[in-house]
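Take the sequence shown: its letters are residues 0 to 99, numbered as in numbering that gives the first Met the number 0. Idealized CB from N, CA, C, for every residue including glycine. Bear in mind the structure is a predicted one, so any value in this text is a computation, not a measurement.
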Amino acid sequence: MIELIGLKKSFGPKTITKNLSLTINDGELLAVIGRSGEGKSVLLKQIIGLIAPDEGVVIIDGVDVTKLNDREKANIFKECGYVFQFAALLDSLNVLENVG
């Protein structure tokens, strides 16, 4: 289960998420849709721990991931996947070198 409780994230004067709360139960699918620049990627990055929320918490399977260090997050997110909008792969490297 993924729980978002009171998430807020701003960049300068622009508020991206404000008091966002959501529960996604095991087995549920959720589509996040919106126009370019509306905060979809920021929301997903907060869920997987790439961006810390200014306020609120992200709980995955009962663990508040906003309080974990990088090593602890790595253990939680072995089960998660995220595809970046713009691939950050280098043509000069093979697959293993790009993901290693």
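Along the alpha helix (DSSP H) that carries residue i, what are the first and last residues, could you check?
i: L95; result: V94 to V98
i: N74; result: D69 to I75
i: L42; result: K39 to I47
Could you check whether residue j and residue i sit closer than 8 Å to each other, using their CB atoms as the reference points?
i: V31; j: K44; result: no
i: E54; j: K7; result: yes
i: I59; j: I4; result: no
i: G48; j: K72; result: yes
i: V57; j: I75; result: no
I'd like the list of long-range same chain contacts for residue i, defined as Cβ closer than 8 Å, with 5 residues on each side in sequence excluded.
i: I50; result: K8, V41 and K44
i: D90; result: none
Under 7 Å Cβ to Cβ from residue i, same chain only, skipping five residues before and after it: list those, please.
i: N97; result: L88 and L89
i: L21; result: L3
The beta strand (DSSP E) with residue i in it runs from where to where?
i: S20; result: K13 to I23
Leaving out five residues on either side along the sequence, give the residues of the same chain with a beta carbon under 6 Å from the beta carbon of residue i.
i: L29; result: I23
i: C154; result: The structure shown has nothing for residue 154, since the chain only spans 0 to 99.
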